[in-house]
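Asker:
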Amino acid sequence: MNDFPRDALILGGNRIPFARSGGPYAGISNQDLLTAALDGLVARYQLQGAKLGEIAGGAVLKLAGDLNLTRESALGTPLDPRTPAIDMSKACATSLETVIHVSNRIQLGQIDSGIACGVDSASDSPIEVTPRLRRILHRAFAAKTAMQRIKALSSIRPADLAPVPPRNGEPRTGLSMGEHQALTAAQWGITRQAQDELALASHQHLAAAYDEGFFDDLVTGYRGLARDQNLRSDSTLEKLGSLKPVYGVKSPQVTEPTMTAGNSTPLSDGASSVLMGSEEWAVERGLTPLARVVDARSAAVDFVHGDEGLLMAPAYAVPELLDANALTLQDLDFYEIHEAFASTVLSTLAAWESEEFCRTKLGRGGALGAIDRSKLNVVGSSLAAGHPFAATGGRLVATLSKLLHQRATETGLVQRGLISVCAAAGQGTVVLLESVAD
Amino acid sequence: MTDAYTKFVRSAPGALIAKQVGLPRPSTLPRRGDRPEPVLGPVVVLGESDGADQVARELLAWGTDVRRRFEELRTVGSVIAVLDEVSTPADLGAILLPLSGAMRSLAPGARVVTISRPAAGQDPARDAARGGVEGFLRSLAHEMRRGGTANGILVGDGVGLDAPGVTGALRFLLSARSAFVTGQFLTVSTADGSATEDLAQPLAGRTALVTGAARGIGAAIARTLAADGARLVVLDVPGAGTELSRLANELRAIPVQLDVTSAGAGERLVEVLRDRGLVLDIAVLNAGITRDKLFANMTPERWDPVLAVNISSQIALTQALLEAGDVLGAQPRVVSLASTSGIAGNRGQTNYAASKAGVMAFVDALAARLEALGGTANAVAPGFIETEMTARMPALTREVARRLNSLQQGGLPVDVAEAIAFLASSEAGGLRGETLRVCGQNMVGK
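Same order as they appear, the protein sequences are chains G and E. In my numbering, each residue's number is its place in the first sequence (first place is 1) plus 221. In my numbering, each residue's number is its place in the second sequence (first place is 1) plus 21.
(1) Does residue 270(E) have its Cβ less than 8 Å from a Cβ in chain G?
(2) Below 8 Å on the Cβ atoms is my contact criterion, and I expect residue 610(G) with residue 485(G) to pass it. Report the Cβ-Cβ distance as a whole number of Å.
(3) Quick one: is residue 235(G) buried, meaning 16 or more other Cβ sit within 10 Å of its Cβ, or exposed?
(4) Going along chain E in order, which residues have a C-beta closer than 8 Å to the C-beta of residue 263(G)?
(5) Given this structure, state the Cα-to-Cα distance separating residue 438(G) from residue 596(G), to the nearest angstrom.
(6) Please name the residue in 293(E), 204(E), 185(E) whose C-alpha comes closest to that of residue 427(E).
(7) For residue 441(G), go through chain E and note every residue whose CB falls closer than 7 Å to its CB, in chain order.
(8) Can residue 407(G) and residue 644(G) be called in contact, C-beta distance under 8 Å?
(9) Sorted by chain position, which residues of the same chain lie with C-beta nearer than 8 Å to residue 523(G)'s C-beta, five sequence neighbours on each side aside?
(10) Counting pairs of Cβ atoms below 8 Å between the stretch 410–419 of chain E and the stretch 210–220 of chain E, do you hit three or more?
(11) Would you tell me roughly how many angstroms separate the C-alpha atoms of residue 442(E) and residue 287(E), rounded to the nearest one?
(12) Verify whether the separation of the beta carbon atoms of residue 453(G) and residue 424(G) is less than 8 Å.
(13) Among the residues of its own chain, which have a CB less than 8 Å from the CB of residue 386(E), if the five just before and after it don't count?
(14) Please list, in chain order, the chain E residues whose beta carbon lies closer than 8 Å to that of residue 305(G).
(15) Could you check which residue in 506(G), 511(G), 492(G), 570(G) has the C-alpha nearest to that of residue 535(G)?
(16) Using a Cβ-Cβ cutoff of 9 Å, what residues of the stretch 507–529 of chain G are near chain E? List them in chain order.
(17) Just the Cα atoms here: how many angstroms apart are residue 382(E) and residue 207(E)?
(18) May I ask you to report which of helix, strand or coil DSSP gives residue 321(E)?
(19) Tell me, please, whether the CB atom of residue 297(G) is closer than 8 Å to any CB atom in chain E?
(20) Ends of the beta strand (DSSP E) at residue 275(G)?
(21) Indicate whether residue 288(G) and residue 252(G) have their beta-carbon atoms separated by less than 8 Å.
(22) So, for residue 478(G): in the same chain, excluding its five sequence neighbours on each side, which residues have a beta-carbon less than 6 Å away from its beta-carbon?
(23) Can you tell me whether residue 610(G) is helix, strand or coil according to DSSP?
(24) Name the chain G residues whose beta carbon is nearer than 8 Å to that of residue 326(E)?
(25) Quick one: what's residue 231(G) bridged to in DSSP?
(26) Is DSSP giving residue 448(G) helix, strand or coil here?
(27) Along chain E, in chain order, which residues have C-beta atoms closer than 7 Å to that of residue 269(G)?
(28) Counting only Cβ pairs nearer than 8 Å, list the residues of chain G close to residue 258(E).
(29) If you reduce the DSSP assignment to three classes, tell me which class residue 414(E) lands in.
(30) Please classify residue 421(G): does DSSP put it in a helix, a strand, or coil?
(31) Going by alpha carbons, who is nearest to residue 210(E) out of 449(E), 457(E), 458(E)?
(32) Could you spell out where the beta strand (DSSP E) holding residue 206(E) opens and where it closes?
(33) Going by C-alpha to C-alpha distance, which of 340(G), 399(G), 623(G), 325(G) sits closest to residue 515(G)?
(34) If you measure from the beta carbon of residue 593(G) to each beta carbon in chain E, is any gap under 8 Å?
(35) Return the residue from the list 417(G), 594(G), 282(G), 620(G) that minimises the CA-CA distance to residue 459(G).
(36) Which one or two residues does DSSP pair with residue 237(G) in a beta bridge?
Below, the structure is given as structure tokens:
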């Protein structure tokens, strides 16, 4: 009789510094970026030649030819080439989902070790042909006679030849993510000042953490970049305040647009990875466990019919996660809430503080209440680091695991941390981690 | 890594033109992989002293064909002239002149090594003879052909010719590892050091730090030390982190991303070493940069970083390693990177030359400090080496720089690495504060 489920432990992580789209990683493929992140992970934890249970990875902006992106990337590393890999995708929650996937596999005893990872390059995103041109070309390829082929090709019109870049808007509403969030921010009355303050804190926290060496064993430099390119350690409220709003500007529902390039994440390039394993495997490899994956939930909202804001799903998933683990929102020691936009974080917090939201939307007796803001994104988050979509979850898990381990080792107390990531199409994924002390 | 000119003069028409016009015709220099034998035989040991007998016996123990005269030899692989007991300049001819008739019999890649004692300031006639050896050897090195080299070992008075340092220096200079070292002297000032147990893996069981390891000469040093059996800690700036990781993966080394000029860099390194339970036997201080500019146009932006990386960081790192007390092994070896620019000076490199000349003086003082620990410090001064850095030089300047040495070609990063591996070896304990030039006998400087 096997003793499952068992603990799935976070043993460490590695990412490359995140770059702004069109920056130092322009022209580098997803595969190269992910291979770089994995190479750094292998070097840090001496995994050369190791055969792992599975590598789960993914990208949001993915070329059709990259169908085995994770496997192909892994084959470029010194890991044992017999290590299986799987590609997964769930927009910005992709690498948080890969962590959950590997964690579940370990907990069930299907594998002893694995890597969860993600990558995105907005600089190298797929550009496709129009659906009409695609169908004409397929007809031409399938044609049996030259006449049929000429007939098919002659139906191409100049407009069909325009390249089609990746869609920026939600397919069902036509609105971009920023436009959606502008509606949510207006609905919750999130001020420009509050958003700029959150953005500033993100930059200041990230810069301080780099200065203290916090990221020395989380980040491996790449292409001359040693820190996240988007990081502005000298940013000020005045500078942030001088930026013009870019979202909600033309929306009749938004009376005072507040979302700027400063309090929204930029398009980014980067890759992250997380090393995970069972306790036995960690001992065998001489690795120090940082945290254990306690539980995870995902939720989705009906943003199409205006019932809820596009990025509000975590507001629903977190209470469910807390209830399942008999915790209150205030029982947590660290909150890592992905800063897709400053107003996303603030809208989520406002919802939890709202009696009305918690009663009517969550069906609870009252509000979840406020959190201690000094425990939120304490070493910076996406507004400062940047947000290569599928790499953000991996960044968050490795960062929080190190924070939990550090604090638990200092205090001798068990530390709990929450990760909350919103995703396109009205989805959200949340994870609860608990410290493992030295 | 053969340059275009060398390729041309090795082609049939190129060779003809070069011969007629008298253009330099660089020879192929065999490296370790091309000529793995420890010594190219037959070896002729010249000299009649007890020391000469000792050296001949040592060479016999290596399993090589050892002779005491040139008669009957059609080709000669190596020549060792033992001059430890010369007392006036008139003594030199008897030992050295037999080599004259054998110069045309020297095999490609031949080795000539003199063993003598340094001038000691006591006996004028004896010092004149000892000094004379240097002039002879440096001139002979200019006359060597077909990739042959000539170098000398200066053995301090009171140090026997069987001292580990002498054996180690002989082993290095006779092997293909010293392919780009010629016209140089190594001074063995004490009998410290210990014999190498495993010649195939001379650094087995030792842990070595290499700074600036991500690429170029640093990566070659790391690879060479690893091939010699050392366990590696490779260090470079965070921006080169992934390249460093890839090297670490190749060598199963431990990567440390650290800007050696940052505040507390030494303490951070000590912390990493303690965390990993590592004790360093070897520290190779290779991290270096150039910011060339004529001094008339020099700015603090070009001056300060060069001094900070090339010398101040070395002082800070060694200080931190020494003060930590528990991260250095029993007989630590520090090897620093100097440069021929630091010896002879170089137009446009006042900042670089200041830093590199500083390195040479620094290792001399550091060697004295490490003596109490049974350790030593030395430097290697590369001349023109084919790297990404020199590949960016203007083409004509580069072409001239390449030819300005006795071997008429640029050295390879591995040539610098081999010299470092020798200075880091257990046998090299008697070499203190030396700067060994790896420059093919560059025409500038001593």
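All C-beta atoms, glycine included, are put in the ideal place defined by N, C-alpha and C. If you're wondering where the values come from, they're calculated on a predicted model, not measured in any experiment.
Answerer: Looking at the coordinates:
(1) The count along the second sequence starts at 1 and reaches residue 270(E) at position 249. Yes, because at least one Cβ of chain G sits closer than 8 Å to the Cβ of residue 270(E).
(2) As a working note, residue 610(G) is residue 389 in the first sequence. As a working note, residue 485(G) is residue 264 in the first sequence. So it is not a contact: roughly 14 Å between Cβ atoms.
(3) For the purposes of this step, residue 235(G) is taken as the residue at position 14 of the first sequence. Its Cβ being crowded by 16 or more others within 10 Å, residue 235(G) is buried.
(4) Walking along the first sequence from the start, residue 263(G) turns up at place 42. Residues of chain E passing the Cβ test: 266, 270.
(5) Within the first sequence, numbered from 1, the residue matching residue 438(G) stands at position 217. Within the first sequence, numbered from 1, the residue matching residue 596(G) stands at position 375. Taking the straight line from one Cα to the other gives about 22 Å.
(6) The sequence position of residue 427(E) within the second sequence is 406, counting from 1. Nearest option by C-alpha distance: 204(E).
(7) Taking the first sequence and counting its residues from 1, the one referred to as residue 441(G) is at position 220. Going along chain E in sequence order, the residues near residue 441(G) (Cβ under 7 Å) are 262, 263, 266, 278.
(8) Indexing the first sequence from 1 puts residue 407(G) at position 186. Indexing the first sequence from 1 puts residue 644(G) at position 423. No.
(9) The residue labelled residue 523(G) in the question sits at position 302 within the first sequence. Counting only Cβ-Cβ distances below 8 Å, and skipping sequence neighbours, we find 529, 647.
(10) As far as the Cβ criterion goes, the stretch 410–419 of chain E does not touch the stretch 210–220 of chain E, which means the pair count is below three.
(11) By one-based count along the second sequence, residue 442(E) stands at place 421. By one-based count along the second sequence, residue 287(E) stands at place 266. For residue 442(E) and residue 287(E), the distance between alpha carbons rounds to 23 Å.
(12) Looking up residue 453(G) in the first sequence gives position 232. Looking up residue 424(G) in the first sequence gives position 203. Yes, Cβ-Cβ distance for residue 453(G) and residue 424(G) is below 8 Å.
(13) For the purposes of this step, residue 386(E) is taken as residue 365 along the second sequence, with counting starting at 1. For residue 386(E), where only same-chain residues beyond five positions count, the Cβ hits under 8 Å are 454.
(14) One-based indexing of the first sequence puts residue 305(G) at position 84. Within chain E, no residue has its beta carbon less than 8 Å from that of residue 305(G); the closest one is some 20 Å off.
(15) For the purposes of this step, residue 535(G) is taken as the residue at position 314 of the first sequence. When only C-alpha atoms are compared, the closest one is 570(G).
(16) none
(17) For this step, residue 382(E) is matched to residue 361 along the second sequence. For this step, residue 207(E) is matched to residue 186 along the second sequence. Straight across, the Cα-Cα distance linking residue 382(E) with residue 207(E) is about 16 Å.
(18) Residue mapping note: residue 321(E) aligns to position 300 of the second sequence, counting from 1. Reduced to three states, the DSSP call for residue 321(E) is helix.
(19) The residue you call residue 297(G) lines up with position 76 of the first sequence. Answer no: the Cβ-Cβ gap between residue 297(G) and chain E never drops below 8 Å.
(20) Counting from one through the first sequence, the residue named residue 275(G) turns up at place 54. Counting along the chain, the beta strand (DSSP E) containing residue 275(G) begins and ends at 275–278.
(21) As a first step, residue 288(G) must be located in the first sequence, where it is residue number 67. As a first step, residue 252(G) must be located in the first sequence, where it is residue number 31. It is not a contact, given that the beta carbons lie outside the stated cut-off.
(22) By one-based count along the first sequence, residue 478(G) stands at place 257. 466, 469, 470, listed in sequence order.
(23) What you label residue 610(G) is simply residue 389 of the first sequence in a count that begins at 1. It is helical.
(24) By 1-based counting over the second sequence, the position of residue 326(E) is 305. Residues of chain G passing the Cβ test: none, with the nearest at roughly 15 Å.
(25) Along the first sequence, one-based indexing puts residue 231(G) at 10. Residue 231(G) is bridged to 497(G), 512(G).
(26) As a position in the first sequence, residue 448(G) is number 227, starting the count at 1. Correct three-state label for residue 448(G): coil.
(27) By one-based count along the first sequence, residue 269(G) stands at place 48. Those within 7 Å of residue 269(G) in chain E are 270, 273.
(28) Walking along the second sequence from the start, residue 258(E) turns up at place 237. Correct list: 442, 447.
(29) The residue you call residue 414(E) lines up with position 393 of the second sequence. Three-state result, residue 414(E): coil.
(30) Reading the first sequence from its first residue, position 200 is the one you call residue 421(G). Of the three classes helix, strand and coil, the one that applies to residue 421(G) here is helix, per DSSP.
(31) Position 189 of the second sequence, counted from the first residue, corresponds to residue 210(E). It is 449(E) whose Cα lies nearest to the Cα of residue 210(E).
(32) Here residue 206(E) corresponds to residue number 185 of the second sequence, with the count starting at 1. Here the beta strand (DSSP E) through residue 206(E) covers 206–209.
(33) Mapped onto the first sequence, residue 515(G) falls at position 294. Ranked by how close their Cα comes to the Cα of residue 515(G), the residues 340(G), 399(G), 623(G), 325(G) have 325(G) in first place.
(34) For the purposes of this step, residue 593(G) is taken as residue 372 along the first sequence, with counting starting at 1. Residue 593(G) does not count as touching chain E.
(35) On the first sequence, position 238 is the one that residue 459(G) refers to. The residue with the shortest Cα to Cα distance from residue 459(G) is 417(G).
(36) Counted from its first residue, the first sequence places residue 237(G) at position 16. According to DSSP, residue 237(G) bridges with nothing at all.
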